[in-house]
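Asker: The structure is given below, and queries will be raised subsequently.
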Amino acid sequence: MGESFALKNHIEAILYLKGESLDLSTLAQLARCSQDDAYEAVLELVEDYAYRDSALEVVAEADRFALQLRDPFLALVNDLLPPEIGVGTSRTLATIILKGPLSQSQLVEMRGPGAYHHVAELVEKGFVSKYRKAGSRSAFLRVTDKFHRYFSVDELAAAHLDDGAWDPGASSDQEPDLDEPDLDESGLDE
Numbered sequence: 810m811g812e813s814f815a816l817k818n819h820i821e822a823i824l825y826l827k828g829e830s831l832d833l834s835t836l837a838q839l840a841r842c843s844q845d846d847a848y849e850a851v852l853e854l855v856e857d858y859a860y861r862d863s864a865l866e867v868v869a870e871a872d873r874f875a876l877q878l879r880d881p882f883l884a885l886v887n888d889l890l891p892p893e894i895g896v897g898t899s900r901t902l903a904t905i906i907l908k909g910p911l912s913q914s915q916l917v918e919m920r921g922p923g924a925y926h927h928v929a930e931l932v933e934k935g936f937v938s939k940y941r942k943a944g945s946r947s948a949f950l951r952v953t954d955k956f957h958r959y960f961s962v963d964e965l966a967a968a969h970l971d972d973g974a975w976d977p978g979a980s981s982d983q984e985p986d987l988d989e990p991d992l993d994e995s996g997l998d999e
């Protein structure tokens, strides 16, 4: 059970983080397992979600698999997500919030190459900014004050910060080792 359980959870995480349907070959490659093992694990996930009393489901369509909201909950997307931000971009934003500060290359490793488009969209909308740390060529990402205002998360963020922790959305005087100010898309190699 241990190895199968771990692989099933790993594939579940991949489907969540990618935020799009994936074919079996891609799933196996990302999970670093055989296609047969990936297929068995994803079938277990489909079955598990079918019996859960959950808002999510794993679906298989045209040899692709996706973790998505069940139909009765799709209306929540319109109520809770700003209309200008799609689900994939929202997941990229969530990754920046939870893992930040992180480099754009780290984000792409976690979310895939679509993250470049998501970051560009988030920077354009003012929810994320890019900066460089001293001595680093990589662009680093953080949420902005606009993000905190728009999503009203100041109180939530303050409640979850430990003493001395760095808040990636805080003002620039709290950021470590900044070499350059916020960058736009034209000033980056990534």
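Going by this note's numbering, the first residue of the sequence shown is number 810, and it counts up by one from there. All residues carry an ideal CB built from backbone N, CA and C; glycine is no exception. Please read these numbers as outputs of a predicted model, since none were measured by experiment.
1) Cα separation between Gly897 and Val952?
2) Does the contact criterion of 3 or more C-beta pairs under 8 Å hold for the region 913-923 versus the region 939-958?
3) To the nearest angstrom, how far is it from the Cα of Val851 to the Cα of Asp862?
4) Do you know offhand how far Leu816's Cα is from Ala822's?
5) Is Leu911 near the ligand FAD, judged by its Cβ being under 7 Å from some heavy atom?
6) How would you write the range of the alpha helix (DSSP H) that Phe960 sits in, first residue to last?
7) Would the beta-carbon of Ala864 fall within 8 Å of that of Glu829?
8) Report the three-state DSSP secondary structure of Arg873 (helix, strand or coil).
9) I think His819 touches Ala837, with their Cβ atoms under 8 Å apart; what is that distance to the nearest whole Å?
10) For Val937, tell me which candidate among Ala943, Thr835, His926, Arg946 has the shortest Cα-Cα distance.
11) Using DSSP with H/G/I as helix, E/B as strand and the rest coil, what is Glu866?
12) So, using beta-carbon positions, are Gly848 and Leu833 closer together than 8 Å?
13) Apart from the five residues just before and just after Glu870, which ones in its own chain have a Cβ nearer than 8 Å to its Cβ?
14) When you compare the CB positions of Gly935 and Lys955, do they come within less than 8 Å of one another, or not?
15) Are Glu866 and Gln877 touching if we call contact CB-CB under 8 Å?
16) Would you list the residues sitting across from Ala884 in a DSSP beta bridge?
17) Taking the runs of the alpha helix (DSSP H) that are 4 residues or longer, which of them lie wholly in the region 811-853?
18) According to DSSP, simplified to helix, strand and coil, what is Ser912?
Answerer: Considering the structure as presented:
1) C-alpha separation (whole angstroms): 17 Å.
2) Yes, the region 913-923 is in contact with the region 939-958.
3) Rounded to the nearest angstrom, the two C-alpha atoms are 18 Å apart.
4) Each residue's Cα considered, the two are about 10 Å apart.
5) No copy of the ligand FAD appears in this structure; indeed no ligand is present at all.
6) Residues 954-960.
7) The Cβ atoms of Ala864 and Glu829 lie no closer than 8 Å to each other.
8) Strand.
9) Contact flag wrong, Cβ pair sits at about 11 Å.
10) Considering only alpha carbons, the answer is His926.
11) If DSSP states are grouped into helix, strand and coil, Glu866 belongs with the strands.
12) In the sequence as presented, Gly is not what sits at residue 848; that position holds Tyr. With respect to Leu833, Tyr848 sits close: the two C-beta atoms are nearer than 8 Å.
13) Here the set comprises Ser830.
14) Closer than 8 Å, so yes.
15) Going by C-beta atoms, Glu866 is nearer than 8 Å to Gln877.
16) Beta-bridge pairing links Ala884 to no other residue.
17) Counting whole runs of 4 or more residues, the region 811-853 contains the alpha helix (DSSP H) stretches 811-827, 833-840.
18) Three-state result, Ser912: strand.
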